[in-house]
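Residue numbers for the sequence shown follow my numbering, so the first one is 1 and each next one is one higher.
Glycine is no exception: its CB is placed at the ideal position from the N, C-alpha and C atoms.
Here is the structure we will look at, set down as structure tokens.
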Amino acid sequence: MDELPAALYDDAACALLLVGPDGLIERANRAAHGWLGYAEGELAHHVRILDLLPVGARLFYHTHCQPLLVANGAVEEIQVDLCGRPGRLPVLINITRRRIGADTFDHWAIFKASDRQAYERELLLARQTAEAALEARRGAEAKLQKLYDQLSEADRHKDEFLATLSHELRNPLSPMRSALDVLKVKSEHGPDWPVLQVFDRQLRHLTRLVDDLMEVSRIAQGRMQLRREPVDLAALARATVHDVGATMAASRHTLHVNVPETPVIVNGDPTRLAQVLVNLLNNAAKYTPEGGKIDLDVACRDGHAEIRVCDNGIGIPPAALAGIFDMFSQLEPALTRSRGGLGIGLALARGIVELHDGTIAADSGGTGCGSAFTVRLPLAAGHAAPAPSVLPDLPRDLRVLVVDDNADAAAMLSQALALSGCAVAVAHSAEAACEAARAFRPTVALLDIGLPDMTGYDLARRLRAMPEGASALLIATTGWGQPKDRERALAAGFDHHLTKPIDLALLAGLLRQRQGPAA
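The following block contains the structure:
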């Protein structure tokens, strides 16, 4: 130890003791004297190491430390109390045994354990806190999982309810659609034709809303599906004016319509584009004081159709222009909050316009200066506006068997088909359908799925097994319109699946595939 610099030994940050073979302390540094309350020189050659150990620690030293020192030459991290003059001092001890000549010496390195104990208590407390937080998190995750499961179950029930509701609503819509088609054929260009056109337009809107019940989750996720076709925006605007007439009249607004006589054709979804126009006009009416002026203009500019709705209402503050199309955005103060509205009309309009590859913008001179909304949609070059819907002219040799337990639906559909040139037979049950098939030998069979004596799927299988129905075109006509319903119909032997109310133009395209008598 003489070769060790004295300063390094004496000024060490821990207490250092050199213990001889007889247990007498041979050397001690300043930390050892200070911690144990001894003056310089009072420990070396005067105090034995066992004198500093309590009775229990002495026993532990003899039974555990000495054997380890003999076997391994070292003892690490022994926590004991030392008996100093100020009192007991909790310490942590490392002992290393070394042989010098014929004798063995033990090097004691002593560290105060009071701070360590406090640190360990803090660690224990932190661990307990972390475990409590982890347990709380697990409990919260369990609750969240339970809520998620409940929401998933509720969502499943919601989907089932909407599917059932859609089916039930389609049942009355189907005979109404067929009856209207019959009336249009009988009254085309007659005095009731404008009334029938209104009825036709509104019935199509209602049918589309029923269809949307099946896609409500897609709409909520921004996955709205468009049914594109050539649309005359000029005609659409004129028709929409009638839809908002009551709203304008209730507020005594003056609506000026500037629409060209020539068609303005875009490739779009007529129902959704009408919804955009209605939302913009209703928005203008809502934020314009009674007796206001509203302008609706439709024009063609730079290869685009442009719809512009202007009003002399309360205007839009500059700070609100940026968020005017956000969901639930409403101007404050609103003129007539009692009129209701959730503030989704403009957001929905923007979504529909963007799905049509168009743009919508708002402009205002500020508060009290009115506002203007401009929609721009790409023109569909080379398309003509679709003519008003009438019954298709079908080949005269088609024999169609209509099977539906709803007598009104069967009667109206059969009458519409008969007016289109088809030979028609009607049955209201599966057994009656089989009897009619043997006598009538249909080219086409339109089968409802929910029949009283068996399902339409089973009836399709029976007809396929009969010589009179083996080659017939089988079409499922039902209110159930989910993908799994179509898959089930095709698996049962149907050629096509149509949801009620039946679109006769679509049906006509299918019927033209089977001309001539069944084999």
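In angstroms with no decimal places, state the Cα-to-Cα distance between Leu-68 and Glu-76.
Working through the sequence shown from its first residue, we reach residue 68 at position 68. Working through the sequence shown from its first residue, we reach residue 76 at position 76. So the two alpha carbons sit approximately 10 Å from each other.
Mind checking which residues open and close the alpha helix (DSSP H) that includes Gln-482?
For the purposes of this step, residue 482 is identified with residue 482 of the sequence shown, where counting begins at 1. Looking at the DSSP string, Gln-482 is not in any alpha helix (DSSP H), and its letter there is neither H nor E.
Provide the residue span of the alpha helix (DSSP H) that contains Cys-310, from first to last.
In the sequence shown, counting from the first residue as 1, residue 310 sits at position 310. Unbroken run through Cys-310 is the beta strand (DSSP E), 304 to 311; no alpha helix (DSSP H).
Find the nearest neighbour of Arg-464 within the set Pro-191, Trp-480, Thr-478 and Ala-492, judged by alpha-carbon distance.
Position 464 of the sequence shown, counted from the start, is the residue given in the question as residue 464. Nearest of Pro-191, Trp-480, Thr-478 and Ala-492 to Arg-464, Cα basis: Ala-492.
Which class does Asn-267 belong to by DSSP, given the choice of helix, strand or coil?
Along the sequence shown, read from residue 1 onward, the residue named residue 267 stands at position 267. It is a strand residue.
Below 7 Å between beta carbons: does that hold for Ala-476 and Leu-447?
Position 476 of the sequence shown, counted from the start, is the residue given in the question as residue 476. Position 447 of the sequence shown, counted from the start, is the residue given in the question as residue 447. In this structure, Leu-447 lies closer than 7 Å to Ala-476 by Cβ.
Whose C-alpha, out of Ala-319, Ala-299, Ala-237 and Gly-315, is nearest the C-alpha of Asn-279?
Start at 1 with the first residue of the sequence shown, and residue 279 comes out as number 279. Measuring from the Cα of Asn-279, the nearest candidate turns out to be Ala-237.
By the 10 Å Cβ neighbour count, where 16 or more other Cβ atoms means buried, how is Ala-6 classified, buried or exposed?
On the sequence shown, position 6 is the one that residue 6 refers to. Exposed is the call here.
So what does His-45 bridge to, in DSSP terms?
In the sequence shown, the residue the question calls residue 45 occupies position 45. According to DSSP, His-45 bridges with nothing at all.
Tell whether a beta-carbon distance below 7 Å holds between Asp-495 and Leu-473.
Counted from its first residue, the sequence shown places residue 495 at position 495. Counted from its first residue, the sequence shown places residue 473 at position 473. The answer is yes: Cβ separation under 7 Å.
To the nearest angstrom, how far is the alpha carbon of Val-535 from that of Gln-275?
For residue 535 there is no data in the structure shown, the boundaries of the chain being 1 and 519.
For Asn-29, which of Leu-36, Leu-17 and Pro-260 has the nearest alpha-carbon?
By one-based count along the sequence shown, residue 29 stands at place 29. Asn-29 has its Cα closest to that of Leu-17, out of Leu-36, Leu-17 and Pro-260.
Taking only the alpha-carbon atoms, compute the straight-line gap between Glu-229 and Asn-267 and give it to the nearest angstrom.
Taking the sequence shown and counting its residues from 1, the one referred to as residue 229 is at position 229. Taking the sequence shown and counting its residues from 1, the one referred to as residue 267 is at position 267. Approximately 5 Å, taken between the alpha carbons.
Quick check on Asp-311: buried or exposed, where buried means 16 or more other Cβ atoms within 10 Å of its Cβ?
Here residue 311 refers to the residue found at position 311 of the sequence shown. That one is buried.
Bridge partners for Lys-293 per DSSP, in chain order?
In the sequence shown, residue 293 corresponds to position 293, counting from 1. In DSSP, Lys-293 forms a bridge with Thr-254.
Quick one: Cα of Val-91 to Cα of Gly-84, how far?
Residue numbering aside, residue 91 sits at position 91 when the sequence shown is read from its first letter. Residue numbering aside, residue 84 sits at position 84 when the sequence shown is read from its first letter. Rounded to the nearest angstrom, the two C-alpha atoms are 11 Å apart.
Any contact of the segment 176 to 184 with the segment 402 to 415, i.e. 3+ C-beta pairs under 8 Å?
The segment 176 to 184 vs the segment 402 to 415: in contact.
So, helix, strand or coil for Val-244, using DSSP?
One-based indexing of the sequence shown puts residue 244 at position 244. The answer is coil: DSSP assigns Val-244 none of H, G, I, E or B.
In whole angstroms, what separates the C-alpha of Gly-469 from that of Ala-460?
The residue labelled residue 469 in the question sits at position 469 within the sequence shown. The residue labelled residue 460 in the question sits at position 460 within the sequence shown. Using only the alpha carbons, I get a separation of about 9 Å.
Taking a contact to mean a Cβ-Cβ separation below 7 Å, would you say Met-523 touches Ala-430 in this structure?
Given a span of 1 to 519 for the chain in the structure shown, any question on residue 523 remains unanswerable.
By Cβ distance, which residues of its chain are closer than 7 Å to Arg-488, with the 5 residues on each side in sequence left out?
For the purposes of this step, residue 488 is taken as the residue at position 488 of the sequence shown. Cβ neighbours of Arg-488 beyond the five flanking positions: Tyr-457.
Near Val-259, what residues of its chain come up, given a Cβ to Cβ distance below 7 Å and the 5 sequence neighbours on each side ignored?
Along the sequence shown, one-based indexing puts residue 259 at 259. Same-chain partners within the cutoff: Ala-234, Ala-237, Arg-238 and Val-298.
Which residue wins for smallest C-alpha separation from Lys-112, given the options Gly-34, His-356 and Gly-73?
Locating residue 112 in the sequence shown gives position 112, where the first residue counts as 1. When each option's Cα is compared against that of Lys-112, the closest is Gly-34.
Check the DSSP bridge columns for Ile-95 and list the partner residues they point to.
As a position in the sequence shown, residue 95 is number 95, starting the count at 1. Its beta-bridge partners are Val-75 and Trp-108.
Spell out a yes or no on whether the segment 352 to 367 and the segment 301 to 316 are touching, meaning 3 or more CB-CB pairs, one atom from each, closer than 8 Å.
Cβ pair count under 8 Å is three or more, so yes.
Within the continuous alpha helix (DSSP H) that includes Leu-463, where are the two ends?
Here the question's residue 463 lines up with position 463 in the sequence shown. First-last of the alpha helix (DSSP H) with Leu-463: 456 to 465.
Can you find the residues in the same chain that come closer than 8 Å, C-beta to C-beta, to Val-47, ignoring five residues on each side of it along the sequence?
Position 47 of the sequence shown, counted from the first residue, corresponds to residue 47. Contacts found: Leu-24, Ile-25 and Tyr-38.
What residue does the alpha helix (DSSP H) around His-428 start on, and which one ends it?
The residue given as residue 428 occupies position 428 in the sequence shown. Careful: His-428 lies outside any alpha helix (DSSP H) and carries neither H nor E.
Measure the Cβ-Cβ separation of Ile-95 and Ile-110 and say whether it is below 7 Å.
Your numbering for residue 95 matches position 95 in the sequence shown. Your numbering for residue 110 matches position 110 in the sequence shown. The answer is no: Cβ separation not under 7 Å.
Helix, strand or coil: which one does DSSP assign to Arg-204?
Counted from its first residue, the sequence shown places residue 204 at position 204. Helix at Arg-204.
Do Ser-187 and Pro-501 count as a contact pair if the criterion is CB distance below 7 Å?
Taking the first residue of the sequence shown as position 1, residue 501 is located at position 501. Taking the first residue of the sequence shown as position 1, residue 187 is located at position 187. No, these two residues do not count as a Cβ contact at 7 Å.
Looking only at its own chain, which residues have a Cβ that is under 7 Å from the Cβ of Arg-170, when we skip the five neighbours before and after it?
What you label residue 170 is simply residue 170 of the sequence shown in a count that begins at 1. Taken in chain order, the residues that qualify are Val-210, Gly-479, Thr-499, Lys-500 and Pro-501.
With a CB to CB cut of under 7 Å and the five nearest residues on each side skipped, what residues in its chain are close to Thr-359?
Counting from one through the sequence shown, the residue named residue 359 turns up at place 359. Counting only Cβ-Cβ distances below 7 Å, and skipping sequence neighbours, we find Val-353 and Arg-376.
Quick one: grab the DSSP three-state call for Cys-422.
For the purposes of this step, residue 422 is taken as the residue at position 422 of the sequence shown. DSSP places Cys-422 in coil when its eight states are reduced to three.
Give me the Cα-Cα distance between His-428 and Pro-442, rounded to the nearest whole angstrom.
Taking the sequence shown and counting its residues from 1, the one referred to as residue 428 is at position 428. Taking the sequence shown and counting its residues from 1, the one referred to as residue 442 is at position 442. Rounded to the nearest angstrom, the two C-alpha atoms are 16 Å apart.
Is the distance from the Cβ of Pro-378 to the Cβ of Asp-357 below 7 Å?
Within the sequence shown, residue 378 is the residue found at index 378, counting from 1. Within the sequence shown, residue 357 is the residue found at index 357, counting from 1. Yes, these two residues count as a Cβ contact at 7 Å.
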